[in-house]
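**Q** In my numbering, the protein residues as written are 196 to 937.
1) Helix, strand or coil: which one does DSSP assign to residue 749?
2) Which residues mark the beginning and the end of the alpha helix (DSSP H) in which residue 839 is found?
3) Just tell me which of 273, 476 and 628 has its CA closest to the CA of residue 284.
4) Residue 317 bridges to which residues according to DSSP?
5) Taking Cβ to Cβ, would you say residue 306 is nearer than 8 Å to residue 780?
6) Please state whether DSSP places residue 556 in a helix, a strand or coil.
7) Would you list the one or two residues that DSSP bridges to residue 502?
8) Closer than 8 Å is the cut-off here; do at least three beta carbon pairs connect the stretch 602 to 616 with the stretch 578 to 593?
9) Among the candidates 226, 835 and 407, whose CA atom is the shortest distance from the CA of residue 424?
10) Output the distance between the C-alpha atoms of residue 421 and residue 387, rounded to the nearest integer angstrom.
11) Can you tell me which residues form a DSSP beta bridge with residue 689?
12) Would you call the stretch 791 to 800 in contact with the stretch 320 to 335, where contact means no fewer than 3 C-beta pairs closer than 8 Å?
13) Taking its Cβ as the centre, do 16 or more other Cβ atoms sit within 10 Å of residue 544, making it buried, or is it exposed?
14) Closest to residue 537 by CA distance: which of 405, 531, 415 and 495 is it?
15) Just confirm the distance between the C-beta atoms of residue 714 and residue 678, as a whole number of angstroms; I'd bet it's less than 8 Å.
16) Measure the Cβ-Cβ separation of residue 332 and residue 240 and say whether it is below 8 Å.
17) Thinking just about the alpha-carbon of each residue, which of 771, 772 and 749 is nearest to the one in residue 761?
18) When you compare only the Cα positions, how much space is there between residue 921 and residue 661?
19) Check whether the Cβ atoms of residue 492 and residue 596 lie closer than 8 Å to each other.
20) Classify residue 555: buried if its beta carbon has 16 or more other beta carbons within 10 angstroms, exposed otherwise.
21) By the 10 Å Cβ neighbour count, where 16 or more other Cβ atoms means buried, how is residue 534 classified, buried or exposed?
22) Mark residue 680 as exposed unless 16 or more other C-beta atoms lie within 10 angstroms of its C-beta, in which case mark it buried.
23) I'd like the span of the beta strand (DSSP E) that includes residue 592, first residue to last.
24) Would you kindly work out how many angstroms separate the C-alpha atoms of residue 904 and residue 603, rounded to a whole number?
25) Have a look at the DSSP bridge pairing and note the partners of residue 623.
26) For residue 411, which residues of its own chain have a beta-carbon under 6 Å away from its beta-carbon, when the five flanking residues on both sides are left out?
27) On the criterion of 16 or more Cβ atoms from any shown chain inside 10 Å, does residue 767 qualify as buried, or is it exposed?
28) Between residue 568 and the rest of its own chain, which residues show a CB-CB distance below 8 Å, the 5 nearest in sequence each way excluded?
29) Going by C-alpha distance, which of 229, 275, 870 and 298 is nearest residue 330?
30) How far does the beta strand (DSSP E) with residue 419 in it reach, from first residue to last?
31) For residue 235, which of helix, strand or coil comes out of DSSP?
32) In this structure, what does DSSP give as the bridge partners for residue 494?
33) For the alpha helix (DSSP H) that contains residue 295, what are its first and last residues?
34) Among residues of its own chain, excluding the 5 on either side of residue 403, which ones have a beta-carbon nearer than 7 Å to its beta-carbon?
35) So, using beta-carbon positions, are residue 775 and residue 742 closer together than 8 Å?
36) What are the start and end residues of the beta strand (DSSP E) that includes residue 437?
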């Protein structure tokens with residue numbers, strides 16, 4: 196539903212938002228969130244402290260539904276009330292819920308933290324029986340790995356935006372109940388600080404949010420601190436990009452076990468985390484596959500009409516996706532097959548089945564892509580995925596699936612189970628668009644589908660990230676991956692993480708393993724961590740436990756009765772390691788308070804910031820203002836995309852008025868310098884390549900593949916027009932000022 200208001204009625208919206216703000220700020224007991232991040236190399240420990248105050252005249256129960264990274268291992272939960280600290284225990288989820296309810300009904304204070312049944316990146320925190328005038332400080336801790344970006348930076352994301360998750364009518368299971376308000380109306384504050392340390396120097400730290408200057412703590416620049424500038428508006432996730440000097444080296448970290456734990460158990464034995472950074476020969480990296488079945492699955496739900504980021508309110512997610520599909524279709528190799536699906540409450544496909552890539556099929560697809568809008572309702576990705584997997588694979592055409600979505604789905608686990616069951620027939624590359632995209636969904640699609648995940652947030656452009664993934668998909672597939680352990684005599688390794696199914700140039704792969712036997716320092720590549728802190732964190736153990744828990748959870752088949760043996764194994768591992776799971780929860784009861792809390796509890800839902808406000812589970816609401824002159828025209832196309840749109844499927848351009856206009860020249864100016872021995876298409880293609888190298892070199896990631904196709908087309912031409920010397924092309928680029936001067 197779009198509410199279109201003439202400019203003279205904008206005061207009505209202002210009044211409405213003011214009323215919402217007054218109501219929300221009065222009734223929300225959460226006052227502040229303090230986040231402390233500690234990064235060691237590529238592993239992060241996050242400590243969040245949430246301060247609750249009950250300023251009402253009656254006891255309350257505060258419920259806060261919030262996002263966490265989908266691959267985080269939540270390993271500590273405690274509360275401080277007055278001088279009393281209560282540390283939560285991990286228990287079977289239903290047991291924890293019953294203990295929480297029993298405590299509240301008997302007038303005791305209790306605290307419950309549980310993972311959503313549908314999606315592992317959403318948690319619910321319940322603060323029960325907070326008396327009038329009293330405050331409580333909640334401490335939540337988790338550990339996570341940092342993802343490697345295309346420019347070798349390490350990405351940490353603190354999810355601050357939680358968009359409502361769409362649940363279709365008639366679907367089974369309870370939906371994730373999210374109370375949302377616009378980011379500008381969030382009634383609590385956020386402070387964020389980070390400490391970074393690494394054996395190698397820290398070159399820089401960047402963020403899409405405003406940061407205070409980076410402070411180095413030593414002359415070697417191996418330790419540094421940074422803080423989020425005051426006044427964060429909750430309009431975006433807090434993202435840090437950390438860059439090390441000579442960052443990506445293979446390493447192994449061995450962490451000693453917990454002294455109080457029984458030897459032979461996961462927490463009692465040492466655990467190793469091995470980081471692998473594959474480097475392939477240049478001959479392999481320069482080769483590009485000329486075959487494959489490329490299936491593009493595009494989200495067209497109503498939320499895709501939101502701005503792609505807050506710095507550019509004009510460009511919507513769906514518009515950026517259309518531009519990206521243009522680049523993808525122009526960059527595909529001749530001889531491959533492709534199809535495009537789009538989905539919302541229903542799904543559509545351009546062709547009944549994948550078709551061979553040609554000028555005719557490419558142009559037909561582009562015409563339909565240009566007409567695509569965010570007009571298909573909700574976000575139901577499961578059914579189109581089922582249809583795609585039901586289609587037979589094409590012989591000698593490896594299937595590559597590209598999924599574009601803002602990730603606002605409710606049934607994440609069911610989707611990932613489907614992808615896992617079909618992982619042997621395809622690779623899946625996923626793209627999370629906008630703030631608040633589900634990390635569990637986006638990372639899970641890629642991990643379970645043997646592909647690569649990308650997030651487009653802040654000021655990111657979608658196109659370079661997507662084209663990097665296309666390059667990955669065109670790399671020769673690496674098969675039969677195995678890890679060999681060269682260990683001292685008497686030491687054995689039990690792998691905790693799932694098998695590695697895909698490796699890409701410059702992308703890290705992690706392997707966790709439990710070590711048994713007498714482990715002593717022996718290898719120069721290994722860092723040894725022996726716990727000496729007052730409170731042992733056991734970071735590597737908990738990451739290893741989380742990896743094993745997730746692997747076991749995926750084994751549960753959707754739509755089937757829960758496997759009790761598998762459930763019991765997950766619960767035991769979760770309780771032993773202190774890491775939450777789908778079948779467990781953290782529970783803490785304040786048994787030291789002898790006074791029971793009198794009176795009925797009033798439930799207060801703590802709102803999470805959202806980019807798009809939902810009136811129900813079915814319709815998104817956006818406020819759009821138009822002047823009296825009518826609807827604004829679509830902004831002019833980017834010059835790069837204008838030129839790319841003219842390229843033929845074969846890789847060439849035509850020498851015509853449209854090309855001249857895209858180059859910023861007249862027809863005479865582009866035709867007159869043409870040598871007589873060179874035909875028009877070759878000349879036009881050379882001019883296009885010169886323009887790309889001369890004026891769009893900063894966007895090379897976006898056009899490199901289609902340029903390679905163009906050069907290959909030139910070399911394939913026969914007769915006097917054949918270009919066999921690459922130096923001719925390079926010299927033409929050097930003369931760009933004469934041919935295509937500004």
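Just so you know, even glycine gets a beta-carbon here, dropped at the ideal spot from N, CA and C.
**A** On the basis of the supplied data:
1) Three-state result, residue 749: helix.
2) 834 to 840 is the span of the alpha helix (DSSP H), which, as asked, contains residue 839.
3) That would be 273, whose Cα lies nearest to the Cα of residue 284.
4) 262, per the DSSP bridge assignment.
5) Cβ distance not < 8 Å, so residue 306 and residue 780 don't count as in contact.
6) Reduced to three states, the DSSP call for residue 556 is helix.
7) Note: residue 502 sits in a beta bridge opposite 511.
8) Contact annotation: the stretch 602 to 616 touches the stretch 578 to 593, with at least three C-beta pairs closer than 8 Å.
9) Comparing Cα positions, the closest option is 407.
10) A straight-line Cα-Cα distance of about 9 Å links residue 421 and residue 387.
11) In DSSP, residue 689 forms a bridge with 709.
12) Under the 8 Å Cβ criterion, the stretch 791 to 800 counts as touching the stretch 320 to 335, having at least three qualifying pairs.
13) Counting of Cβ neighbours within 10 angstroms places residue 544 among the buried residues, the total reaching 16 or more.
14) The residue with the shortest Cα to Cα distance from residue 537 is 495.
15) Separation of the CB atoms of residue 714 and residue 678 is rounded to 18 Å, and the pair is thereby denied contact status at 8 Å.
16) No, the pair does not count as a contact, with Cβ atoms beyond the cut-off.
17) For residue 761, the closest C-alpha among the options 771, 772 and 749 is that of 749.
18) In this prediction, residue 921 scores a pLDDT of 42, lower than 50, which makes its location untrustworthy; the coordinate-derived value is nonetheless stated afterwards. The straight-line gap from Cα to Cα measures roughly 28 Å.
19) In contact: residue 492 and residue 596 (Cβ atoms closer than 8 Å).
20) Result: exposed.
21) When all chains shown are included, residue 534 counts as buried.
22) With fewer than 16 other Cβ atoms inside 10 Å of its own Cβ, residue 680 counts as exposed.
23) In the DSSP assignment, residue 592 falls outside any beta strand (DSSP E) and carries neither an H nor an E.
24) If you draw a straight line from the Cα of residue 904 to the Cα of residue 603, it comes to about 36 Å.
25) DSSP lists 596 as the bridge partner or partners of residue 623.
26) Answer for residue 411: 419, listed in chain order.
27) Exposed: under 16 other Cβ atoms inside 10 Å.
28) Excluding residues within five positions, the ones whose Cβ falls inside 8 Å are 495, 500 and 513.
29) Of 229, 275, 870 and 298, the residue nearest in Cα terms is 275.
30) Run containing residue 419: 418 to 422, per the beta strand (DSSP E) assignment.
31) Note: residue 235 maps to strand in three-state DSSP.
32) Beta-bridge partners of residue 494 (DSSP): 538.
33) Element bounds for residue 295: 288 to 300.
34) When the five nearest sequence neighbours on each side are left out, the beta carbons in the same chain lying within less than 7 Å of the beta carbon of residue 403 are those of 431, 434, 652, 653 and 654, in order along the chain.
35) No, these two residues do not count as a Cβ contact at 8 Å.
36) Per DSSP, residue 437 belongs to the beta strand (DSSP E) from 433 to 439.
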